[in-house]
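Visitor:
In this note's numbering, the protein residues as written are 815 to 1030.
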């Protein structure tokens, strides 16, 4: 049991540590390296991914329902002035299609789900049980976003709390359905819907400023 716990804690520490090192990679290599790393971890730890029937269908049903709810919620909150102002102030990558079609689904969603809910989730459940394992996984997931918060100029604590809660939810979805597909779909919906909302807010801001200059 001690060996299992040390293994789970060590893996959590490695993932949190990598979150500070990963952003230092050249942008062109970051996505494939992170995706490959998550895949290798999931395979070497023999994480229960649940990509075969009947679990994959359970993951699809639960994940798609929750993802639709998430997308509707984000769309409903986007028009709120404070939310829209925050989105219009964020930086958008030079290649929006690359961001939406490559970086988010492969370099973020798959990489994080394979590593945290797959590899760490399985190892932490074996070591600490369902509740304790999910807590370790969620805590590590929250801490892994400190570097992102700092690079965005935001206070780390709220980001750690929010992403930690998200990690708890993603873990529950994986355990409930027996498939990693459920948290993948919800994670993808959160990130993609948020990114699309940011792009839309940026374009409205640009169109507004461009129109004001044209009318001056």
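Beta carbons are placed, not taken as given, at the ideal position from N, Cα and C, and that holds for glycine.
So for residue 895, helix, strand or coil by DSSP?
Guide: Three-state DSSP puts residue 895 in a helix.
Visitor: Sorted by chain position, which residues of the same chain lie with C-beta nearer than 7 Å to residue 836's C-beta, five sequence neighbours on each side aside?
Guide: Hits under 7 Å: 844 and 848.
Visitor: Taking residue 1007 as the reference, which of 834, 841 and 887 has the closest Cα?
Guide: Residue 1007 has its Cα closest to that of 887, out of 834, 841 and 887.
Visitor: Between the segment 991 to 1002 and the segment 867 to 874, are three or more C-beta pairs nearer than 8 Å?
Guide: Result yes; three or more Cβ-Cβ pairs closer than 8 Å.
Visitor: How many Å lie between residue 967 and residue 973 at the Cα?
Guide: C-alpha separation (whole angstroms): 11 Å.
Visitor: Quick one: Cα of residue 910 to Cα of residue 1013, how far?
Guide: The straight-line gap from Cα to Cα measures roughly 8 Å.
Visitor: When the Cα atoms are used, what is the spatial distance from residue 907 to residue 921?
Guide: Cα-Cα distance, rounded: 14 Å.
Visitor: For residue 949, tell me which candidate among 984, 895 and 840 has the shortest Cα-Cα distance.
Guide: Comparing Cα-Cα distances from residue 949 to each of 984, 895 and 840, the minimum goes to 984.
Visitor: Can you tell me where the alpha helix (DSSP H) holding residue 962 begins and where it ends?
Guide: Here the alpha helix (DSSP H) through residue 962 covers 960 to 965.
Visitor: Whole angstroms is fine: what's the gap from residue 882's alpha carbon to residue 1002's?
Guide: Each residue's alpha carbon lies about 11 Å from the other.
Visitor: Under 8 Å by Cβ, that's how I've got residue 856 and residue 963 pegged, so tell me the actual separation to the nearest angstrom.
Guide: 26 Å between Cβ atoms; not a contact.
Visitor: Any idea if residue 865 is buried or exposed, counting beta-carbon neighbours within 10 angstroms, 16 or more meaning buried?
Guide: So residue 865 counts as exposed.
Visitor: With distances taken Cα to Cα, identify the nearest neighbour of residue 834 among 998, 1004 and 958.
Guide: Answer by Cα proximity: 958.
Visitor: Leaving out five residues on either side along the sequence, give the residues of the same chain with a beta carbon under 6 Å from the beta carbon of residue 913.
Guide: Hits under 6 Å: 907.
Visitor: Looking at the secondary structure, which residues open and close the alpha helix (DSSP H) in which residue 952 lies?
Guide: Counting along the chain, the alpha helix (DSSP H) containing residue 952 begins and ends at 935 to 957.
Visitor: Assuming residue 892 and residue 1011 make a contact with CB atoms under 8 Å, what is their CB distance in whole Å?
Guide: Residue 892 to residue 1011, Cβ: 5 Å. Contact.
Visitor: Roughly how many whole angstroms lie between the Cα atoms of residue 1000 and residue 817?
Guide: Each residue's alpha carbon lies about 33 Å from the other.
Visitor: Assuming residue 938 contacts residue 951 under a Cβ cut-off of 8 Å, what Cβ separation, rounded to an integer in Å, is found between them?
Guide: At roughly 5 Å, the Cβ-Cβ gap stays under 8 Å, so residue 938 and residue 951 are in contact.
Visitor: Closest by CA to residue 1018, which one among 901, 822 and 850?
Guide: If we check each option's Cα against that of residue 1018, 901 comes out closest.
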